[in-house]
Amino acid sequence: KQEVTQIPAALSVPEGENLVLNCSFTDSAIYNLQWFRQDPGKGLTSLLLIQSSQREQTSGRLNASLDKSSGRSTLYIAASQPGDSATYLCAVRPVRGANSKLTFGKGITLSVRP
Amino acid sequence: NAGVTQTPKFQVLKTGQSMTLQCAQDMNHEYMSWYRQDPGMGLRLIHYSVGAGITDQGEVPNGYNVSRSTTEDFPLRLLSAAPSQTSVYFCASRFTGAMNTEAFFGQGTRLTVV
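Those protein sequences? They're chains Z and L, same order as listed. 11 is the number of the first residue of the first sequence in the working numbering; add one for each residue after it. 913 is the number of the first residue of the second sequence in the working numbering; add one for each residue after it.
Structure representation (structure tokens):
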């Protein structure tokens, strides 16, 4: 059974710091991996989707990498801002197919201090 | 861009009452799903559908029913609400093809059963 782990559960950093959020998964046979952001009391907003054949994806100050062989993905946030404060979740899709299901980590709650 | 729309946003039920949580998407996605999010438990899949007329159980289906009569709508029914169903419920959708399988989430329904 696929398990997705995000450690630490919470992180507090000063504004301007470059930071890395980690996501690890136990089964490397994944089809893709998706990073989400969740603000308090809100839904999940998709940040980046990485296909299994890709090594990284970039969107603005965000860069996500994928290393299937080691079962790891990282989300790099450059020059963090207080507006980046949120919970960040990663999710893996195990196989290609219409009914393949996402497995989520429990998220990392990020606080960026002004 | 409406995306995935959930109604209501908040609901309080008495034990034993029934209700339907509504979910609609305007992206012509084949795959739709319902999750519940609880503190310390992460997101857990309740039911999902890969197209109109097709539904299947997820990880925690007991106490919930679904149907999919159209591509756009995927309602979740609680037949007899229990306090254990107090949670935040999210609906999600995506394409089922080989590419472009990014998942999109609604803003959630916060349900309290007293």
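Here a beta-carbon is modelled for each residue, glycine too, at the ideal position from N, C-alpha and C. Since the model is a prediction, treat every value here as computed from it, not as a measurement.
Here the alpha carbon of R948 of chain L sits roughly 6 Å from the alpha carbon of F1002 of chain L. Residue burial annotation: G53 of chain Z is buried, with at least 16 other C-beta atoms found within 10 angstroms of its C-beta. In the DSSP assignment, D77 of chain Z falls within the beta strand (DSSP E) that extends over L72 to D77. Below the 9 Å Cβ cutoff, chain L contributes S945, L957, Y960, G970 and E971 as neighbours of K111 of chain Z, in chain order. With its beta carbon less than 8 Å from one in chain Z, E1014 of chain L belongs to the interface. Along the segment 942 to 982 of chain L, the beta strand (DSSP E) occurs as fully enclosed runs of 3 or more residues at 943 to 950, 954 to 963, 966 to 969 and 976 to 978, listed in sequence order.
When Cβ-Cβ separations below 8 Å define contact, R103 of chain Z makes contact with chain L. Q44 of chain Z is positioned such that its CB atom lies closer than 8 Å to that of L59 of chain Z.
Contact between I40 of chain Z and S62 of chain Z holds: CB atoms are separated by about 6 Å, below the 8 Å threshold.
Secondary structure at D49 of chain Z: coil, using DSSP grouped into helix, strand and coil.
Contact between G1018 of chain L and V916 of chain L holds: their C-beta atoms lie close to 4 Å from each other, under 8 Å.
The C-alpha of L933 of chain L lies about 21 Å from the C-alpha of K111 of chain Z. For F114 of chain Z, at least one C-beta of chain L is nearer than 8 Å to its own C-beta. Taking V1000 of chain L as the centre and dropping the five residues before and after it, the same chain places the C-beta of Q949, G1020 and R1022 closer than 6 Å to its C-beta, in chain order. Of the candidates L:T1013, L:A1004 and L:S945, L:T1013 places its Cα closest to the Cα of R103 of chain Z. S56 of chain Z sits away from E66 of chain Z, with the two beta carbons spaced by 8 Å or more. Between Q12 of chain Z and K116 of chain Z, the beta carbon gap of about 14 Å keeps them out of contact (Cβ cut-off 8 Å).
In the displayed model, P995 of chain L falls within a helix according to three-state DSSP. When Cβ-Cβ separations below 8 Å define contact, Q64 of chain Z makes no contact with chain L.
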